[in-house]
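To start, the structure itself, in structure tokens.
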Amino acid sequence: MPELPEVETIRRQLCTAGVKGRVVEKVLIDWPRTVDPLSPAVFCKKITGRTIERLSRHGKWLIFELDSEDNLLVHLRMTGGFYLSSGALKKGTYDRAILQLSGGLNLHFRDPRKFGRMRLGVFPLGLGPDAMEIGARQFFQTLEKTNRGLKTLLLDQSFIAGVGNIYADEALFEARLHPLRKAGTLTDDEMLALYNAVTHVIRSAVENGGTSLGDGQGNYTDLNGNSGGNSDKANAYGRAGLPCVVCKNPLEKITVAQRATVFCAHCQH
DNA sequence: GAAGACCTGCTA
DNA sequence: TAGCAGGTCTTC
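Okay, structure coming up:
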């Protein structure tokens, strides 16, 4: 599932592939809800002729900065991804939108489950600081203000943007903190451990080119169709019932905020 | 704060 | 063939 490291990997690859500086010459929308709330006709009209000046990211949102008042904001949700083609346009089975760029480059937005979204706006709304950029002080201040459970909090994009189910479980495992632990009960050392774990887990996943984990069809692949190099790094996610890498006791699986949550009851408190 | 809706393909 | 997976928005 694309979380921050996967989106960042795609962003970097789009830069390398030379998407920057190209003009959007034509837009094809195959699944209208992809561009909801705009109609495909309005959406296409607004970005046709615009130049992609920069590619940035905040949390899980990919931002195509255009030479207009609006930018193109893309959220991959669970199964979204991009790939490029050149020459004669050939639509792939799961392509929901295709941007035909100047120089004969086609940018395909592929999304089997149709949850991904393309929006027009200056910047994605309602997000907290990016997980790669949040400072320790800001992290502590937010933790101290709430008594929500840690896993729920980590998944809340208005608290910290970019952490999803995989990296939430991995960060809590690394910090030795129980997913249901209330934020307000953490000691200073525990808050620091959580901060270090979140930033370390996210940054090392970015360095490894993202993680490909999931239920099979939702597996993430990068721009070139490769799965992430971080796949064998999971200590908790997807390892329910398997021995903890630290204490060898079987990992437990519970549901938190309606998501599968795996942790070690022996190591995480 | 919890649960449903949105979707589809893979697994059991 | 039923159920699961997951991110976010909507609705109780």
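For reference, each letter of the first sequence is one residue, going 385 to 653 in this note's numbering. Beta carbons: idealized from backbone N, C-alpha and C, even for Gly. Computed from a predicted model, the values in this text were never measured in an experiment.
Using the C-alpha atoms, what's the distance from residue 538 back to residue 579?
As a position in the first sequence, residue 579 is number 195, starting the count at 1. As a position in the first sequence, residue 538 is number 154, starting the count at 1. Their backbone Cα atoms lie some 11 Å apart in a straight line.
Spatial neighbours of residue 470 within its chain, please: CB distance less than 8 Å, with the 5 preceding and 5 following residues excluded, ordered by chain position.
Position 86 of the first sequence, counted from the first residue, corresponds to residue 470. These residues qualify, in order along the chain: 488, 489, 490.
Since residue 652 contacts residue 562 with CB under 8 Å, what's their CB separation in whole angstroms?
If you number the first sequence from 1, residue 652 lands on position 268. If you number the first sequence from 1, residue 562 lands on position 178. Confirmed, Cβ separation roughly 5 Å.
Which of helix, strand or coil does DSSP assign to residue 584?
Here residue 584 refers to the residue found at position 200 when the first sequence is read from its first residue. Looking at residue 584 - three-state DSSP - the assignment turns out to be helix.
When the Cα atoms are used, what is the spatial distance from residue 479 to residue 494?
Counting from 1 along the first sequence, the entry for residue 479 is found at position 95. Counting from 1 along the first sequence, the entry for residue 494 is found at position 110. Answer to the nearest angstrom: the Cα atoms are 4 Å apart.
Beta bridge counterpart(s) of residue 482 as assigned by DSSP
The residue you call residue 482 lines up with position 98 of the first sequence. Looking at the DSSP assignment, residue 482 forms a beta bridge with 412, 492.
C-alpha gap between residue 388 and residue 486, whole angstroms
Indexing the first sequence from 1 puts residue 388 at position 4. Indexing the first sequence from 1 puts residue 486 at position 102. For residue 388 and residue 486, the distance between alpha carbons rounds to 28 Å.
Leaving aside the five residues before and after residue 501 along the sequence, list all residues of the same chain whose C-beta is less than 6 Å from its C-beta, in chain order.
Taking the first residue of the first sequence as position 1, residue 501 is located at position 117. Contacts found: 459.
Would the region 451 to 468 count as touching the region 427 to 436 if we require 3 or more Cβ pairs under 8 Å?
yes
For residue 516, which residues of its own chain have a beta-carbon under 8 Å away from its beta-carbon, when the five flanking residues on both sides are left out?
Position 132 of the first sequence, counted from the first residue, corresponds to residue 516. 388, 392, 546, 583, 586, 587, 590.
Best match in 418, 443, 414 for proximity to residue 390 [C-alpha to C-alpha]:
Taking the first residue of the first sequence as 1, we reach residue 390 at position 6. The candidate whose alpha carbon is nearest that of residue 390 is 443.
What do you get for residue 509, buried or exposed, if any count of 16 or more other CB atoms within 10 angstroms of its CB means buried?
Along the first sequence, read from residue 1 onward, the residue named residue 509 stands at position 125. Classification for residue 509: exposed.
For residue 496, which of 396, 555, 414, 464 has the nearest alpha-carbon?
On the first sequence, position 112 is the one that residue 496 refers to. Checking every option, the nearest Cα to that of residue 496 belongs to 464.
What would DSSP say about residue 504, mapped onto helix, strand or coil?
As a first step, residue 504 is located in the first sequence; it is residue number 120 there, counting from the start. Residue 504 sits in a strand when the DSSP states are folded into three classes.
Can you tell me whether DSSP reads residue 455 as helix, strand or coil?
As a first step, residue 455 is located in the first sequence; it is residue number 71 there, counting from the start. The three-state secondary structure of residue 455, taken from DSSP, is strand.
Since residue 431 and residue 411 should fall inside the 8 Å C-beta cutoff, what is the C-beta to C-beta distance between them, to a whole number of angstroms?
In the first sequence, residue 431 corresponds to position 47, counting from 1. In the first sequence, residue 411 corresponds to position 27, counting from 1. Contact flag correct, Cβ pair sits at about 6 Å.
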